[in-house]
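Protein chains in written order, with my numbering: chain A, 5 to 378; chain B, 5 to 378.
Each residue gets a CB set at the ideal place from its N, CA and C atoms; glycine is no exception.
Contents: one structure, followed by commentary.
2 protein chains.
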Amino acid sequence: MRIAVLRERRTGERRVALLPEQLPRLLAAGVEVSVESGAGNEAGATDDDYRAVGAQVSEDVLTGADVVVSVQPINLSTARQIGEGVVTVSFLPTAEEVPLVRRLRERRITSFSMDLVPRTARAQPMDALSSQSMVAGYRGAIVAAERLQRFFPLFMTAAGTVRPATVLVLGAGVAGLQAIATARRLGAVVEAYDVRESSAEEVASVGGKFVQLDLPPLAGAGGYAREMTEERATRQRELLAPHVAAADVLITTAAVPGRTAPVLVTTDMVAGMRAGSVVVDLAADQGGNVEGSIPGHEVMVEGVLVWGGSNVPSQLPRPASELYGHNVVNVLLLMLRVGALHLDFGDDILSATCVTHAGEVVHRPTLELLGEVG
Amino acid sequence: MRIAVLRERRTGERRVALLPEQLPRLLAAGVEVSVESGAGNEAGATDDDYRAVGAQVSEDVLTGADVVVSVQPINLSTARQIGEGVVTVSFLPTAEEVPLVRRLRERRITSFSMDLVPRTARAQPMDALSSQSMVAGYRGAIVAAERLQRFFPLFMTAAGTVRPATVLVLGAGVAGLQAIATARRLGAVVEAYDVRESSAEEVASVGGKFVQLDLPPLAGAGGYAREMTEERATRQRELLAPHVAAADVLITTAAVPGRTAPVLVTTDMVAGMRAGSVVVDLAADQGGNVEGSIPGHEVMVEGVLVWGGSNVPSQLPRPASELYGHNVVNVLLLMLRVGALHLDFGDDILSATCVTHAGEVVHRPTLELLGEVG
Chain A
5 MRIAVLRERR
15 TGERRVALLP
25 EQLPRLLAAG
35 VEVSVESGAG
45 NEAGATDDDY
55 RAVGAQVSED
65 VLTGADVVVS
75 VQPINLSTAR
85 QIGEGVVTVS
95 FLPTAEEVPL
105 VRRLRERRIT
115 SFSMDLVPRT
125 ARAQPMDALS
135 SQSMVAGYRG
145 AIVAAERLQR
155 FFPLFMTAAG
165 TVRPATVLVL
175 GAGVAGLQAI
185 ATARRLGAVV
195 EAYDVRESSA
205 EEVASVGGKF
215 VQLDLPPLAG
225 AGGYAREMTE
235 ERATRQRELL
245 APHVAAADVL
255 ITTAAVPGRT
265 APVLVTTDMV
275 AGMRAGSVVV
285 DLAADQGGNV
295 EGSIPGHEVM
305 VEGVLVWGGS
315 NVPSQLPRPA
325 SELYGHNVVN
335 VLLLMLRVGA
345 LHLDFGDDIL
355 SATCVTHAGE
365 VVHRPTLELL
375 GEVG
Chain B
5 MRIAVLRERR
15 TGERRVALLP
25 EQLPRLLAAG
35 VEVSVESGAG
45 NEAGATDDDY
55 RAVGAQVSED
65 VLTGADVVVS
75 VQPINLSTAR
85 QIGEGVVTVS
95 FLPTAEEVPL
105 VRRLRERRIT
115 SFSMDLVPRT
125 ARAQPMDALS
135 SQSMVAGYRG
145 AIVAAERLQR
155 FFPLFMTAAG
165 TVRPATVLVL
175 GAGVAGLQAI
185 ATARRLGAVV
195 EAYDVRESSA
205 EEVASVGGKF
215 VQLDLPPLAG
225 AGGYAREMTE
235 ERATRQRELL
245 APHVAAADVL
255 ITTAAVPGRT
265 APVLVTTDMV
275 AGMRAGSVVV
285 DLAADQGGNV
295 EGSIPGHEVM
305 VEGVLVWGGS
315 NVPSQLPRPA
325 SELYGHNVVN
335 VLLLMLRVGA
345 LHLDFGDDIL
355 SATCVTHAGE
365 VVHRPTLELL
375 GEVG
C-alpha cells in the first residue's frame with residue numbers, strides 16, 4: 005500500500021500533511037510513502053529530509069497511490085487524476101466544497117474529512133480542528149503582545165510600577181483557552197466570555213476570569229448561532245461593551261467551522277477602546293466576530309489596530325504540521341490492517357468522517373446540503 | 005519655577021519625557037509645568053490629559069522655563085533659544101553629541117545627562133539607561149516570539165508533544181536579563197552568556213542556563229571592549245558557534261552606550277542556524293553584535309531572519325515614557341528646594357550627571373573627548 009503526500013496548492017497554505025519525523029510509524033506498519041517534491045519546504049522539511057527517513061520523493065505521487073493526504077481539500081483537477089476507490093484524507097468543509105464533493109462522488113473516490121472527527125475521547129488524537137485551533141490561539145495572543153505598544157506583564161522597578169495589560173478573550177473553545185493561557189504566561193490580566201456557562205471552569209483553570217453577563221441561559225444545549233436570537237445578540241453586545249472598552253487587547257475566537265461567525269463586537273465598541281489598543285479577530289476567515297475586520301489585513305479603527313486572521317495555523321507551519329501530521333497518522337492507522345488498506349465502516353470515527361464512498365455521498369448533512377434528501 | 009516638557013524632534017522618537025500622571029508629584033512640590041503641544045501624542049497622552057492634571061500646554065514652552073526636559077538631547081537650534089543658566093535634563097551621550105556639548109557650554113546652559121546616572125543604590129530610581137534597557141529586553145523577546153514560526157512553549161496534546169523553542173541570549177545586563185525572563189515566561193528553554201562570569205547567578209535567577217565557555221577569565225574588572233583582545237574575541241566566537249547553531253532564537257544585547265558594540269556573531273554563525281530561526285540584535289544601533297544586522301530592518305541570511313533594533317524602547321512609547329518619566333521626576337526632585345531650583349553639586353548624583361555648567365564642560369571624560377585635557 006502506498007500513501008501520497010501532496011504539495012499544497014492553495015495560496016498561503018504553508019503546512020504539509022505529514023512531516024518526515026512522522027513517517028516511521030507508517031513505514032513500520034508496512035506501507036510505502038511518496039512525497040511530492042517540495043511538499044515540506046514551507047514547514048522546514050526538505051525533500052532530502054523525507055528521503056532520509058525512507059520516503060520516495062517525486063513529481064508524480066498520484067500514480068499508484070492508494071491513499072492521498074493533504075491539509076487543504078484537493079482541487080478539482082487533482083480529483084480528476086485520482087482513480088476509483090482511492091482514499092483521500094484532508095480538511096474538507098463540505099459546505100464550502102460542494103463542487104469538489106460532487107467530483108469526488110463522480111470519481112468514486114473515498115474521501116475522509118478531518119473536519120468531521122467526532123469530539124470523543126477516543127478520537128482526541130485525531131482531532132485536527134482542535135490541534136489547529138490551539139495553534140491559532142497561541143498565535144493570536146503572540147500577535148497581540150507584539151502589536152500592543154505596552155507590556156503584557158506587571159513591571160516593578162526601582163523607578164515605579166507599570167500596570168499589566170488587560171486582555172479580553174471572547175469565545176472559550178480550544179483557541180480561546182490557548183489564547184488565555186498564553187496571555188497569562190506573559191503576565192497579562194485576562195478576562196474571558198463564552199455563551200456556554202460551562203466554560204467558566206475551563207477559563208479559570210488556565211488563569212482567566214470568567215465574565216458573567218446578566219443574560220438568561222441559552223435554551224438547549226446545541227450550537228451557538230442556531231440558538232441566538234438577534235435580540236439576545238444585541239443585549240450581549242451591550243453588556244460586553246464596557247468590558248471591551250476596558251481592555252487593552254481583545255481576542256475573538258467564536259467560530260464554528262462551516263458557519264458564518266457571529267458579530268460579537270461592533271465598530272462602535274472597537275472605537276470605544278483606548279487608542280493604541282489591539283484587536284485580534286481569529287474568526288475573520290469565517291466572516292469575523294469583529295465588524296470591519298479583514299482576513300489577512302491590519303486596519304485602524306479610531307486608533308485601534310484590528311488584526312484579521314487568515315489561515316492562522318498556517319502562520320506557524322512547522323508546529324501546525326507537526327500536530328496535524330500526528331492527527332493524520334492516527335487516522336491512517338485506523339485504516340490499516342497488516343500493511344494493507346482495510347476500511348472498517350463499523351468504526352465510529354471512520355464512519356463519522358467519511359464524506360464520499362463508492363459513488364455515494366455518505367455524510368448525511370452533506371447530502372442535505374446538496375438538496376438530495378427530502 | 006517652571007519646567008518645560010519638549011515635544012521630541014528626532015525621527016522615530018515616540019516617547020515623552022513626562023506623562024500627565026507624573027506631574028502631580030512635581031506640582032505638589034510647588035513648580036509649574038508647561039508642555040509643548042502634542043508632546044505626548046505618540047505615547048498616548050493628549051494635550052487635554054496634561055491640562056487635566058494642571059499643566060499648561062503651549063506652542064512656546066521655552067520662554068520663561070527654568071528647566072527643560074526631553075528624552076533625546078535637544079537639537080542645536082533649540083539650544084540657541086534657551087537662556088543662560090537654564091537647566092536641561094535628557095539623554096545626552098556626549099561622545100555622539102560633541103557639537104551640542106560645545107553649544108551648551110557657549111550658551112552657559114546647565115545640562116544633565118540621564119546617561120551618566122551612577123549605578124549606585126541611591127541612584128536606582130533615576131537610572132534611565134536601566135529602565136529603557138528593560139523595555140528593550142522585553143520587546144526583543146516578544147519580537148522574536150512573533151517572528152519565529154514555531155512555539156516558544158512546550159505543547160503537550162492528545163496527538164503528541166511539540167518541543168519548546170531554544171533561545172540563546174548574549175549579554176546578561178538589564179536588557180539581556182529581561183529578554184531571558186520574558187522568553188522563560190513564554191516557556192522557551194533559555195541559555196545565556198556574558199563575559200562577566202558573575203552574571204551566571206543573575207541568569208539563573210530569571211530561569212536561564214548560563215553558558216560556560218572554556219576561556220580564561222577577563223583580566224581586570226573594567227569594561228568589555230577595552231579588555232577583549234581580537235584573539236580572545238575570535239576564540240569566543242568559535243566557542244559560541246555551536247550554541248548559536250542549536251538555537252531557534254538568538255537575542256544579542258551586548259552594548260555599552262557610546263561605544264561600538266562588539267561583533268559576537270558572524271554571518272557564518274548566523275548561516276549555521278536552522279532555516280526559519282530568528283536573530284534579534286538589540287545592539288544594532290551601536291554597530292551591532294551580529295554581522296550584517298541593520299538598525300530598523302529585517303534581513304534574511306540563508307533562511308534566518310535578522311531583526312536589527314532601532315531605538316527599541318521607543319517602540320513601546322507609553323511604558324518606556326512611564327519609566328523614563330519616573331526617572332526624570334526623581335532627578336528633578338533632587339534639584340528642588342521649597343519649590344525653587346537649587347543645584348547642590350555636593351550631591352554625587354547631580355555632580356556625576358552634569359555635563360556643562362556656567363560656561364564650562366564639567367564632565368571630565370567629555371572634556372577629554374573634546375581634546376581639552378592634557
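For residue i, the three-state DSSP class (helix, strand or coil)
| i | result |
| --- | --- |
| Leu373/A | helix |
| Met138/A | helix |
| Val327/A | Correcting the residue type first, residue 327/A is Leu in the shown sequence and not Val. The answer is helix: DSSP assigns Leu327/A an H, G or I state. |
| Ala21/B | coil |
| Ala149/B | helix |
| Thr67/A | coil |
| Val57/B | coil |
| Asp351/B | coil |
| Glu234/A | helix |
| Ala225/A | Only weak support exists for where Ala225/A lies, its pLDDT of 48 falling under 50; the coordinates are left without a value. |
| Asp285/B | strand |
| Arg14/A | coil |
| Glu242/A | helix |
| Ser115/B | strand |
Span of the beta strand (DSSP E), counted from its first residue to its last, around residue i
| i | result |
| --- | --- |
| Gly343/B | Element bounds for Gly343/B: n/a, residue is neither H nor E. |
| Val61/A | 60-62 |
| Ala196/B | 193-197 |
| Ile255/B | 253-256 |
| Thr165/A | 164-166 |
| Gly380/B | Only positions 5 to 378 of chain B appear in the structure, and residue 380/B is not among them; the question remains open. |
| Leu172/A | 170-174 |
First and last residue of the uninterrupted alpha helix (DSSP H) at residue i
| i | result |
| --- | --- |
| Thr271/B | 271-275 |
| Thr124/B | Thr124/B -> no alpha helix (DSSP H), and no H or E assigned at all. |
| Ser203/B | 203-209 |
| Ser81/B | 80-84 |
| Leu27/B | 27-32 |
| Val178/B | 178-189 |
Cβ distance (whole Å) where residue i is taken to contact residue j below 8 Å
| i | j | result |
| --- | --- | --- |
| Glu40/A | Val75/A | That pair is no contact at about 13 Å. |
| Val305/B | Gly296/B | 6 Å |
| Gly175/A | Ala258/A | 3 Å |
| Ile78/B | Leu336/B | Not a contact, Cβ separation roughly 16 Å. |
| Asn331/A | Ala163/B | 5 Å |
| Val91/B | Leu10/B | With a Cβ gap of about 13 Å, Val91/B and Leu10/B do not count as contacting. |
| Val61/B | Asp51/B | 4 Å |
| Val194/B | Ala204/B | Incorrect: roughly 13 Å between the Cβ atoms, too far for contact. |
| Ile255/A | Ala183/A | 5 Å |
| Ser134/A | Val178/A | 5 Å |
| Ser381/A | Thr357/A | No answer is possible for residue 381/A: it lies beyond the span of chain A, which begins at 5 and ends at 378. |
| Val333/A | Leu31/A | Incorrect: roughly 11 Å between the Cβ atoms, too far for contact. |
| Asp119/A | Phe95/A | 6 Å |
In DSSP terms, what residue i is bridged to
| i | result |
| --- | --- |
| Val9/A | Val39/A, Val73/A |
| Thr98/A | DSSP, once it has assigned bridges, lists no residue as partnering Thr98/A. |
| Val90/A | Paired residues: none, contrary to the question. |
| Val365/A | Thr360/A |
| Met160/A | Thr165/A |
| Thr264/B | In the DSSP output, where bridge partners are listed per residue, Thr264/B has none listed. |
Environment of residue i [buried if 16+ CB atoms lie within 10 Å]
| i | result |
| --- | --- |
| Ala265/B | buried |
| Asp285/A | buried |
| Pro220/A | exposed |
| Met339/B | buried |
| Ala344/A | exposed |
| Ala251/B | buried |
| Ala208/B | exposed |
| Arg14/A | exposed |
| Thr124/A | exposed |
| His301/B | exposed |
| Glu376/A | exposed |
| Asp272/A | exposed |
| Glu101/B | buried |
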